[in-house]
Amino acid sequence: MKLEKKDILGMQDLSVDEINLILETAESFLEISTREIKKVPTLRGKTIINLFFEASTRTRTSFEIAGKRLSADTINISSSTSSVVKGETLIDTARNLEAMNPDVIVIRHSAAGAPHLLSSLVKQSIINAGDGAHEHPTQALLDMMTIKEKKGRISGLKIAIAGDIAHSRVARSNIYGLTKMGAEIVVAGPATMLPRNIEQMGVKVFNNLDDAITGADVVMMLRIQLERQKQSVFPSLREYSQHYCLNRHNIKLAKNDVIVMHPGPINRGVEISPDIADDPSCSVILNQVNNGVAVRMALLYLLIGGHE
Ligand code: CP
Numbered sequence: 013m014k015l016e017k018k019d020i021l022g023m024q025d026l027s028v029d030e031i032n033l034i035l036e037t038a039e040s041f042l043e044i045s046t047r048e049i050k051k052v053p054t055l056r057g058k059t060i061i062n063l064f065f066e067a068s069t070r071t072r073t074s075f076e077i078a079g080k081r082l083s084a085d086t087i088n089i090s091s092s093t094s095s096v097v098k099g100e101t102l103i104d105t106a107r108n109l110e111a112m113n114p115d116v117i118v119i120r121h122s123a124a125g126a127p128h129l130l131s132s133l134v135k136q137s138i139i140n141a142g143d144g145a146h147e148h149p150t151q152a153l154l155d156m157m158t159i160k161e162k163k164g165r166i167s168g169l170k171i172a173i174a175g176d177i178a179h180s181r182v183a184r185s186n187i188y189g190l191t192k193m194g195a196e197i198v199v200a201g202p203a204t205m206l207p208r209n210i211e212q213m214g215v216k217v218f219n220n221l222d223d224a225i226t227g228a229d230v231v232m233m234l235r236i237q238l239e240r241q242k243q244s245v246f247p248s249l250r251e252y253s254q255h256y257c258l259n260r261h262n263i264k265l266a267k268n269d270v271i272v273m274h275p276g277p278i279n280r281g282v283e284i285s286p287d288i289a290d291d292p293s294c295s296v297i298l299n300q301v302n303n304g305v306a307v308r309m310a311l312l313y314l315l316i317g318g319h320e
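Last residue of the sequence shown: 320 in our numbering, with the numbers rising by one and none dropped.
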């Protein structure tokens, strides 16, 4: 099967077959990162531009590593070092990058829909590396790959997603993707951090963390996105952590073989206690990061090199 897509804009647009194709391709790429010479010639001569208008450690680095491991030329542009600081618009930036003939533009932007706008403007493939509070599809794909790796399946699992759901593009992409793949999703957070009508996305909603994680196979904790909150939505970090921090005590409510996930960056002691984040018997946080390189290699390959 081929991925008949120009762009990867969101999990909402991907079918179950397409998700399975991406995950299987990513699994086949994992081994390359364990070799002494971590490079294959698959995308030699291709050019990838990473255009990041928001901070990133994991996503930007793993896209750069993914491109380099496939022998593509990768170029990183951040808003602070581009002509955006001189007032150039996103549309003009896109048109100028298009004129240099890259093969893929990876974009992270604070505005929901920015990758979709680029997709309509330029002929190159666009990958959404996070648009505002809308979607972060490559994060959801690496999360799915990690769940499959650790649990052998996604369908039928109870997956609790907790924290600042309203401002989380990770939550939104995972809800779209994981429900499509047959998981039962429950979400938990203070009422001020839950989007209105979130039940319509096919999830069960709890205001209490304990209720949400009881019997869970997977617990995914989310960071409070202070940068996206227009006003304070909880009294204090201390009070938030008293009710919504995953810790040594409440994790006992989940299944014995629960895995704990977090997209990063972690606020230790706020949404997850350090002993849980660092516990190799349940935490798969660094497995997520490792799988992120393979997922991004798979997407680059399927979009611009995967037709032979
Ligand atoms: N998970 C994630 O998107 O992390 P970065 O913001 O570091 O890319």
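Ideal placement from N, C-alpha and C gives every residue a C-beta, glycine not left out.
Enclosing beta strand (DSSP E) for G142 [first to last residue]: 137-143
Coil, strand or helix - A111 by DSSP: coil
Closest by C-alpha distance to H255, when choosing among V231, V272, S92, I284: I284
Burial state of T101 (16 or more Cβ within 10 Å): exposed
T191 versus M205 - alpha carbon distance: 21 Å
Closer than 7 Å: H121 CB and nearest the ligand CP heavy atom: If you check the C-beta of H121 against the ligand CP, you find no heavy atom less than 7 Å away.
Closest Cα partner of M232 within the set K160, I173, I187, L153: I173
Contact check, L55 vs I316, beta carbons under 8 Å: yes
Pair within 8 Å by beta-carbon distance, D19 and I138: Note that the C-beta distance between D19 and I138 is below 8 Å.
Assigned secondary structure, R165 (DSSP; H/G/I helix, E/B strand, else coil): coil
Check: Q151 C-beta below 7 Å from any heavy atom of the ligand CP: yes
A84 beta carbon less than 8 Å from that of V307: no
Alpha-carbon spacing of L42 relative to L26, whole angstroms: 22 Å
Boundaries of the alpha helix (DSSP H) in which V182 is found, first to last residue: Residue range 181-192 is occupied by the alpha helix (DSSP H) that includes V182.
heavy atom of the ligand CP below 7 Å from S68 C-beta: yes
Own chain residues within Cβ distance below 6 Å of P275, not counting five before or after: Q151, V182
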